[in-house]
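S.K.:
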Amino acid sequence: EDLDLLLEHVDSANFRRTCNYLTSAAKYLPGPDDMLVLDIAYMIYIKFAEYPNALQIALFLDNMQYVKQVFTSCTDLLRKKQFCYM
């Protein structure tokens, strides 16, 4: 219900564990709830500059706005080239 509160409470010590939990739990959730959980995981990954994981979720969600945001947020040219193979 209040998953958006996670964005305020995750830090660099626990964001990976939190996102792993969210992405794993999304597989067992019905309809729109799974997309909401993946959306929160995407936002956490963007917040901590984990662009490869964020791009993976964006592609799974089929959200081109998120894909564009990953490419514009990432400043490493080599990493952007690697993203093209995902």
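Per the UniProt record's numbering, residue 1 is the first one in the sequence shown, and the count goes up by one each step.
The beta-carbon is built from N, C-alpha and C at its ideal position, and this holds for glycine as well.
Bear in mind that the values here come from a model prediction, so they are computed numbers and not experimental data.
(1) Span of the alpha helix (DSSP H) holding Asn14?
(2) Would you decide whether Ala49 is buried or exposed? Buried here means 16 or more other CB atoms lie within 10 Å of its CB.
(3) According to the Cβ coordinates, are Met86 and Gln56 closer than 8 Å?
(4) Thinking C-alpha only, which one of Tyr42, Cys84 and Gln82 is nearest Phe15?
(5) What do you get for Asp39, buried or exposed, if any count of 16 or more other CB atoms within 10 angstroms of its CB means buried?
(6) For Arg17, collect the residues of the same chain with a Cβ closer than 7 Å to its Cβ; drop the 5 residues on either side in sequence, then sort them by chain order.
(7) Counting along the chain, where does the alpha helix (DSSP H) carrying Thr75 start and finish?
(8) Cys74: which of Pro30, Tyr51 and Asp62 sits nearest, CA to CA?
M.R.: On the basis of the coordinates in this document:
(1) Counting along the chain, Asn14 falls outside any alpha helix (DSSP H), and DSSP gives it neither H nor E.
(2) exposed
(3) yes
(4) Tyr42
(5) buried
(6) none
(7) That residue, Thr75, is in no alpha helix (DSSP H); it is neither H nor E in DSSP.
(8) Tyr51
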